[in-house]
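Working notes, structure below.
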Ligand SMILES: NC(=O)c1ccc[n+]([C@@H]2O[C@H](COP(=O)([O-])OP(=O)(O)OC[C@H]3O[C@@H](n4cnc5c(N)ncnc54)[C@H](OP(=O)(O)O)[C@@H]3O)[C@@H](O)[C@H]2O)c1
Ligand SMILES: NC(=O)c1ccc[n+]([C@@H]2O[C@H](COP(=O)([O-])OP(=O)(O)OC[C@H]3O[C@@H](n4cnc5c(N)ncnc54)[C@H](OP(=O)(O)O)[C@@H]3O)[C@@H](O)[C@H]2O)c1
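Structure, rendered in structure tokens:
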């Protein structure tokens, strides 16, 4: 066993000499977040240097865009702008590369090239890391150069650092989060203003919350990418996105929200990550019913929150702005400081390194909650009995049934029929619902919401 | 301007060689938190090594107690126990010193000696750092050896790392916290079970929440120590505790809580830290009325929460267990990992270094909120008019008055008279209340609660 000497390690004197040097940032992307990084550095650069004991001074050396002619929120000299990503990465004035262009192609090339050049990377790109993190973390390890990605999950909330550093001594029992602000906004507007899904989505787009192409927001995949990253950090292995169960909010209808309210719940797009007793990991994203009194039910609008349960820390909650220019830039700047420090550390890989070859994921069929199921049925006597018989045969308990009558069409032929079901494995429920779909009186696939016990 | 080379800095190879060495902890204190550290390390030591890429292995080399014969939650070999703190610090097997004995005398000596020996310190002692931090941070700087103190504020909530690292790129506009669990528990029991202060305190003691001597809990000073540390981190200068306004919860009576409820508020012991436009800092602790709908109002029992407002990150909230064996140990272990890493970094002072000589504190007289004031008055006609006249002369607006009649003594001579007042400087209020105290009809010093706009 080697012991540490009490004298300062070799290299300390050398580091002292470079105390006041400036580190150059290669900023790929000057859009919403990229501009925010420039502005934050302009605003608070002295403060950052002060707070780091004079060791860190950051300057944007070069920035990458598609269209150099575009007017931007942040001003940079014309000769600092390039449209050639290879020039950005190779520039000797660039010590750290910040990837904020989005997508998984050019972004991948940029991050990979930076790692190969030994330049630490800061990124906000959850899609890239969730889809292609395995390759990139391997490169990070090979070249002993960290990737920092606080900005990728929950905007301004320091959830990455919390899970990775503050909870380093905790087994993480679960993480439950509202981590897509757009969905949260839409669900809330449906609940409070009685809007249809499409109306609420339009509103979110008009307000600039949803992307021009809001597909990943509403189909659950943006949240899933973030959940995958959180699970990877907590459990140390790369998670195959194709093994993760993801459902979005497109199927939510005002009637579901009305029911939820009546039963004491709110509907939230929930990301659930949980370790089972056998060490396997449950990862899923879907619109869920959660108790109105739970603190996550109070996460409004485009805010995000993640509840983390550690074996030592107990129950914690981290809440804040889930996206937007300044909050996301706040996280990117914190990572930049981390990266700047890591450049001086001999043992300095502070990025994420997978530490397990693989781990077991719980198949979604084996995950268990209570459920709310809405059927579109033909309105005739016997319908409830037929459905109930199928559920009974499968051993699934019913805690309530409701048939909301639409006052405008009290004698409609097709009605919504809602069943609240006791806890059972999701696979059993799916099989049983497939059988029920075969019944004459059932007109389309039933819609399922989990009722989460938090 | 010196630039960084892209090749690994000198020292990296050497650090690689010591990859699997074990760092020895000198653990001063094996009480609630100290035992928790031993247990957490026993439980999750492999996980910690894995998560740090194999670079950190921690072992308790020596532990300090007063009474070696005492049975403890955590088992250590007899030869690892000492009652001599100097032996602990000097032991060559001790690389990092953890101070968990409490108090400001021996604890000071231990921390100072460790810093002088170049051994990083981890402590949970807010009283020590708030009262004598100036001396210790100076020693930390002189000997280039960090003090880590995540466990000192809000138990298992990583609020120190958040303010210091995650928000490094933010000007901190305000921090508002419920950071004394015992007070919070007492106030809640008074509200929900109608207990008197003394009954609720007794209950908290029986449950082990309050200290045997709960003075610092209920007089507000435990929260004040934590607020001082948070303000010091956020603004970079040592704050003189004697300049901080601190009021505890001893004066809260059931009638105040009843009133708060009726008016849509809850009473919480609130720590408020806020930067004014001129750069001066407001730091104060007192029982306050906060709106029932605010998220801080949902912080129940012995939980803690801190709302942080950064200029970039926006509004955030950090919530979790404020104290207790495991949560506090969780923070101490995270700091141990940080300290272990810092031992290998040439530029590795990751502790706090004050970066301003001094800063201005806002005198409490100049801080402004609305108020609730309770007077003990003689019940005769004209009382309201006399008090109101004094307030009017001072230019303080009244938004409501209430005279709760006690159904058991409807004709008592002395009654409580409550005034709700518009915003004004605290100093003006105090002067005016002194005048009002001089009135014949007022029988004792009025009790003041701030009504906070959050
Ligand atoms: N927006 C948020 O609130 C938020 C929050 C968290 C994470 N993120 C993540 O942060 C990343 C950036 O998001 P954003 O909202 O800032 O995007 P954005 O506003 O669309 O900006 C993208 C920027 O990258 C540049 N760019 C895109 N493709 C390029 C290419 N192939 N070559 C050169 N330049 C290219 C664009 O140049 P032009 O300006 O010339 O078109 C633009 O400046 C994404 O990964 C996103 O998921 C965003
Ligand atoms: N308890 C919490 O939830 C909590 C939360 C946050 C921070 N903290 C802070 O953590 C620190 C420790 O708190 P704690 O609750 O663990 O205290 P504790 O249970 O009273 O334990 C104190 C330990 O220190 C030893 N000790 C005390 N004075 C000593 C001396 N002069 N010489 C040698 N050993 C001495 C005691 O030895 P014996 O066992 O032999 O008496 C005991 O093992 C305090 O600064 C506290 O403010 C505590």
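Chains as they are written, first to last, in UniProt numbering: chain A, 1 to 454; chain B, 1 to 454. Positions of the beta carbon are idealized from the N, C-alpha and C atoms, including for glycine. Owing to the predicted nature of the structure, the values given are computational and were not obtained by experimental measurement.
query                                                                                                                                        : result
Distance CB(residue 120 of chain B)-CB(residue 339 of chain B) smaller than 7 Å                                                              : yes
Neighbourhood of residue 250 of chain B by C-beta, 6 Å cutoff - its chain only, sequence neighbours within 5 removed                         : 218
Cβ neighbours of residue 36 of chain B in the same chain (closer than 7 Å, five flanking residues each side left out)                        : 325, 326, 328 and 329
heavy atom of ligand 2 below 6 Å from residue 31 of chain B C-beta                                                                           : yes
From B:417, B:314, B:62 and B:252, residue whose alpha carbon lies closest to that of residue 376 of chain B                                 : B:417
Separation of residue 397 of chain B from residue 390 of chain B, as counted between CA atoms                                                : 11 Å
Simplified DSSP assignment, three categories, for residue 235 of chain A                                                                     : helix
Extent of the continuous alpha helix (DSSP H) run through residue 185 of chain B                                                             : 181 to 193
Whole beta strand (DSSP E) elements within the segment 326 to 406 of chain A, 3-residue minimum                                              : 368 to 378 and 398 to 402
Residue from B:414, B:415 and B:433 with nearest C-alpha to residue 421 of chain B                                                           : B:433
Per-residue burial, residue 444 of chain B [other beta carbons within 10 Å of its own, 16 or more giving buried]                             : exposed
CB of residue 455 of chain B within 7 Å of CB of residue 89 of chain B, strictly                                                             : Limits of chain B in this structure are 1 at one end and 454 at the other, which puts residue 455 of chain B out of reach.
Identified DSSP bridge partners for residue 309 of chain B                                                                                   : B:174 and B:315
Under 9 Å from the C-beta of residue 374 of chain B: neighbouring residues of chain A                                                        : Residues of chain A passing the Cβ test: none, with the nearest at roughly 31 Å.
Residue 104 of chain B Cβ short of 6 Å to ligand 2 heavy atom set                                                                            : no
Spatially closest choice to residue 278 of chain B from B:381, B:233 and B:361, by CA coordinates                                            : B:361
Check: residue 323 of chain B C-beta below 6 Å from any heavy atom of ligand 2                                                               : yes
Reduced DSSP secondary structure (H/G/I, E/B, other) of residue 72 of chain B                                                                : coil
Where residue 298 of chain B meets chain A, residues with beta-carbon distance less than 8 Å                                                 : 295 and 298
Close Cβ partners of residue 110 of chain A (< 7 Å) along its chain, the five nearest in sequence each way excluded                          : 28, 85, 89, 97 and 99
Three-state secondary structure (DSSP) of residue 251 of chain A                                                                             : coil
First through last residue of the beta strand (DSSP E) which encompasses residue 212 of chain A                                              : Element bounds for residue 212 of chain A: n/a, residue is neither H nor E.
Nearest-angstrom Cβ-Cβ length linking residue 182 of chain B and residue 215 of chain B, presumed shorter than 8 Å                           : That belief does not hold up - the Cβ atoms of residue 182 of chain B and residue 215 of chain B are roughly 11 Å apart, past 8 Å.
Near ligand 1: residue 124 of chain B beta-carbon under 6 Å from a heavy atom                                                                : no
Chain A within 7 Å of residue 319 of chain B, Cβ atoms only                                                                                  : yes
7 Å Cβ cut-off: residues of chain B touching residue 275 of chain A                                                                          : None at all; the shortest Cβ gap to chain B is about 12 Å.
Outcome for residue 42 of chain A when other beta-carbon atoms lying within 10 angstroms are tallied against a minimum of 16                 : exposed
Alpha carbon of residue 153 of chain A to alpha carbon of residue 305 of chain B, nearest angstrom                                           : 21 Å
Beta-carbon contacts of residue 283 of chain B that lie in its chain and below 6 Å, excluding the five residues immediately before and after : 227, 231, 244 and 273
Endpoints, alpha helix (DSSP H) assigned at residue 198 of chain A                                                                           : 197 to 206
C-alpha distance - residue 437 of chain A paired with residue 187 of chain A, whole-angstrom precision                                       : 27 Å
Nearest-angstrom Cα separation, counted from residue 192 of chain B out to residue 171 of chain A                                            : 34 Å
Enclosing beta strand (DSSP E) for residue 89 of chain B [first to last residue]                                                             : It is not in any beta strand (DSSP E) - residue 89 of chain B instead sits in the alpha helix (DSSP H) that spans 85 to 90.
Beta-carbon contacts of residue 156 of chain B that lie in its chain and below 7 Å, excluding the five residues immediately before and after : 320, 321, 327, 328, 330 and 331
Chain-ordered residues of the segment 306 to 317 of chain B with a beta carbon less than 8 Å from chain A                                    : 310, 311, 312, 313, 314, 315, 316 and 317
Residues that residue 162 of chain B contacts on chain A, provided the C-beta gap is smaller than 7 Å                                        : 158
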